[in-house]
Structures are given as C-alpha cells and as structure tokens.
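In terms of our numbering, the sequence shown opens at residue 3 and continues consecutively.
Here a beta-carbon is modelled for each residue, glycine too, at the ideal position from N, C-alpha and C.
Only a predicted model underlies this, so the values are computations on that prediction, with no experimental measurement involved.
Here the structure comes first, spelled out in structure tokens, and everything after it is commentary.
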Amino acid sequence: MPRFATRFAPSPTGRLHKGHAFSALTAWSAAQAQGGRFVLRIEDIDPTRCRPEFDAGILEDLAWLGLDWETPVRRQSEHLADYAAAVAALDAGGLLYRCFRTRKEILDSIGDAPHGAAEAVRPGPHPSDEEARLLAEGRPFAWRLSLDRAREALGDATWRDLAFREEGEGPGGEHSLIRARPETAGDVVVARKDAGTAYHVAVTHDDRLQGISHVIRGQDLFEATHIQVLIQALMSWETPTYRHHALLAGPDGRRFAKRDQSVTLKELREGGLTAAALRAELGF
Ligand code: GLU
3 MPRFATRFAP SPTGRLHKGH AFSALTAWSA AQAQGGRFVL RIEDIDPTRC
53 RPEFDAGILE DLAWLGLDWE TPVRRQSEHL ADYAAAVAAL DAGGLLYRCF
103 RTRKEILDSI GDAPHGAAEA VRPGPHPSDE EARLLAEGRP FAWRLSLDRA
153 REALGDATWR DLAFREEGEG PGGEHSLIRA RPETAGDVVV ARKDAGTAYH
203 VAVTHDDRLQ GISHVIRGQD LFEATHIQVL IQALMSWETP TYRHHALLAG
253 PDGRRFAKRD QSVTLKELRE GGLTAAALRA ELGF
C-alpha cells in the first residue's frame, strides 16, 4: 500500500474563510490519523484572479490554525511547463481541438438550439478553413478535450469502466464505487488562452506527482472528479481515492464562499477568536 497522502489545494483568489478552515482541517486530521503526509499546494495558474498577498494569507491562516505541511510548497504558476507537457501529450494523442470562441459566444450561439445546454460545452472543432484563417489572424484560442475522441482512444469497454472510489459522499449521497460520467462536463478546456493550462490538467498532474493517495475536498468539486478520472485514464495516471465532504454552512444555512464575502479568518482572528475556539467550533 502506498503511504497515505492528502492535500489542501486552495487558489489564492481571496482570504480564507471558515469553509476553507474546515476543509483544511479535515484533510490535515486525516493525514495525522493515518500517520500520512499532508501537502499544501497553491493553485495559482489563473493570472487574472490570483494575488501574492492571498498566497501569503493562506500560509499565515493555516499556521495560525495549527496546521503544518511539507516544504517546499508547490506553486502551480512556477511549473507551467509541466502542465504544458501534459497538454502536449493529450494533443499528441489527437484528443484536443482548438476553440477560438469565448464561453459567452458559445452560450449565445446555442441559445435557441434544439439540444440546449448539453451542447453548450461541446462546441466541436472549427471547420479547417476557418481554423486556418483564425490562426493566421493570430486570434487566441483555448484547447478543449474532445469527449468523442477520448472515448474512441480508450475504447468503449474502458470508457464504461471509468470509476472512482468515494470514501466520503457526493452531494446526492453518492459513495463507494462511482462510475465516472465525464460526458456531463462536456468538452472541457484543458489549456486556457492566457495560462496555457487549466485546472483539470494541473490538479490531476500534481495529485499524481505529489503521490496523493486520497483527495479530500468539498462537494463543490465532486462533479469535477468525473472529468479528472477521464484525464487520469488518458494519461495512464492512477486514480486516487476521493473523500468529498459536505460544505460548511454559515449561520444563515448558506454555504461559505469567497464571492459572498464571508467573514475571513483574518477578520475573525483580529476580532479575538482563538484558533482553539475555531477548531472546537468546527469539530476538531
Ligand atoms: N484549487 C481548487 C479551489 O480552490 C481546489 C482544487 C482541489 O481541491 O481539487 O477550489
């Protein structure tokens, strides 16, 4: 059995709130209980939303909470060549196509299409003359993973057997062995126009590189698992075990989220909350 290893992988797009504290404590405690490894990974590939002060804030808040982690901390922005190589490998397998449309253009174009939302995220390749023209014009494009080509590459039997072990629970109570349904995600972007990579590739690459045996994270990422399992199969990377946990709800019953401007750990600390009190409140 490989050694138990898990991770907390925040994106530095804001200060951490109680929901993050809960998630980080869940992963860290699991590693402690198993005598395993705990990895902190900074997922900062989005140059438009990530900021160094939030990166520093993550380390400050987690240390205050009493967590420790392996060093050096991996920052994805420092390893873009690794992800580009993974994207190139998928491309070499004929699995990708260039997409010059913006998300808004895709959604607008299918506004009154008969198949509705299912097609929203499967725009398909451009006709080759159009693609050649857009390339010649120097227009920026993203790489999308073609579900059709992926299925062809894996073969129907392997496609049908794509699965992951869930030791926690999905939002619908899903657990134990779950059949992956990558088709629900559509043809996901595996390389953004601005970053040359995208979340699904970077996260699966690093989970493998860092020897993560258990991905412990919130249920908001449960759906993402389906596409990540497909990428692991295409890259011949082993699929780790997953433990999705329910999202912490605030006093109003709504989940904590950065966009709701939930009160941050920094504000709580400055208001006099101690780490011990917060850990007790969160059940640790
Ligand atoms: N970086 C992702 C986020 O902040 C989490 C990635 C993961 O846990 O798989 O939502």
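Can you find the residues in the same chain that come closer than 8 Å, C-beta to C-beta, to residue i, ignoring five residues on each side of it along the sequence?
i, result
"Arg124", "Leu149, Gly188, Asp189"
"Gly213", "Pro4, Arg5, Ala7, Arg39"
"Leu27", "Leu67, Leu69, Arg281, Leu284, Phe286"
"Ala197", "Ile47, Asp48, Pro49, Leu82"
"Glu107", "none"
"Val75", "Leu42, Arg43, Ile44, Leu61"
"Ala155", "Gly95, Gly96, Leu97, Leu236"
"Thr160", "Ala235"
"Pro54", "Pro14"
Kindly indicate the opening and closing residues of the alpha helix (DSSP H) around residue i.
i, result
"Phe24", "20-36"
"Ile47", "No alpha helix (DSSP H) holds Ile47; DSSP gives it neither H nor E."
"Ser130", "130-138"
"Glu107", "105-111"
"Thr206", "201-211"
"Leu98", "No alpha helix (DSSP H) contains Leu98, which is instead part of the beta strand (DSSP E) from 98-101."
"Trp71", "Element bounds for Trp71: n/a, residue is neither H nor E."
"Ala152", "149-156"
Taking only three categories from DSSP, how would you classify residue i?
i, result
"Phe224", "helix"
"Val192", "strand"
"Thr276", "coil"
"Ile180", "strand"
"Phe56", "helix"
"Glu168", "strand"
"Arg51", "coil"
"Val89", "helix"
"Ile229", "helix"
"Leu250", "coil"
"Arg257", "strand"
"Leu284", "coil"
"Arg219", "strand"
"Ala197", "coil"
"Arg162", "helix"
"Arg146", "strand"
"Thr266", "strand"
"Arg17", "coil"
Pop quiz: residue i and residue j are said to be a contact at Cβ under 8 Å. What is the actual Cβ separation, rounded to whole angstroms?
i, j, result
"Val231", "Leu164", "5 Å"
"Ala86", "Thr199", "6 Å"
"His19", "Leu267", "7 Å"
"Asp208", "Gln78", "7 Å"
Out of curiosity, what's the CA-to-CA distance linking residue i and residue j?
i, j, result
"Glu139", "Arg100", "14 Å"
"Arg245", "Val217", "6 Å"
"Arg179", "Gly157", "In the sequence as presented, Arg is not what sits at residue 179; that position holds Leu. If I take the Cα positions, the gap works out to 21 Å."
"Ala144", "Ile60", "30 Å"
"Ala58", "His247", "26 Å"
"Gly16", "Asp84", "26 Å"
"Ala251", "Gly220", "12 Å"
"Arg146", "Val89", "10 Å"
"Leu98", "Leu92", "7 Å"
"Pro127", "Ala33", "43 Å"
"Leu270", "Ala226", "31 Å"
"Trp239", "Val203", "11 Å"
"Arg257", "Gln234", "30 Å"
"Trp71", "Val192", "29 Å"
"Trp30", "Thr73", "15 Å"
"His22", "Glu176", "22 Å"
"Ser130", "Ala152", "20 Å"
"Thr206", "Arg9", "12 Å"
"Ala11", "Val265", "20 Å"
"Arg51", "Pro14", "8 Å"
"Pro253", "Leu64", "23 Å"
Output needed for residue i: all residues of its chain with C-beta closer than 6 Å, excluding positions within five of it in sequence on either side, in chain order.
i, result
"Phe6", "Gln36, Gly38, Ser215"
"Ala277", "Trp66, Leu67, Gly68"
"Gly170", "Arg245, His246, His247"
Just reading off the beta strand (DSSP E) that residue i is part of, what are its end residues?
i, result
"Thr8", "7-10"
"Glu80", "Element bounds for Glu80: n/a, residue is neither H nor E."
"Ser241", "A quick correction: the sequence has Thr, not Ser, at residue 241. From DSSP, Thr241 is part of no beta strand (DSSP E); its letter is neither H nor E."
Starting from the C-beta of residue i, find all residues in its chain whose C-beta is less than 7 Å away, skip the five residues before and the five after it, and write them out in chain order.
i, result
"Glu185", "Leu149"
"Pro173", "Gln221, Phe224"
"Ala182", "Leu164, Ala165, Phe166, His228, Val231, Leu232"
"Phe24", "Leu250, Leu284"
"Pro142", "Lys195"
"Arg103", "Pro125"
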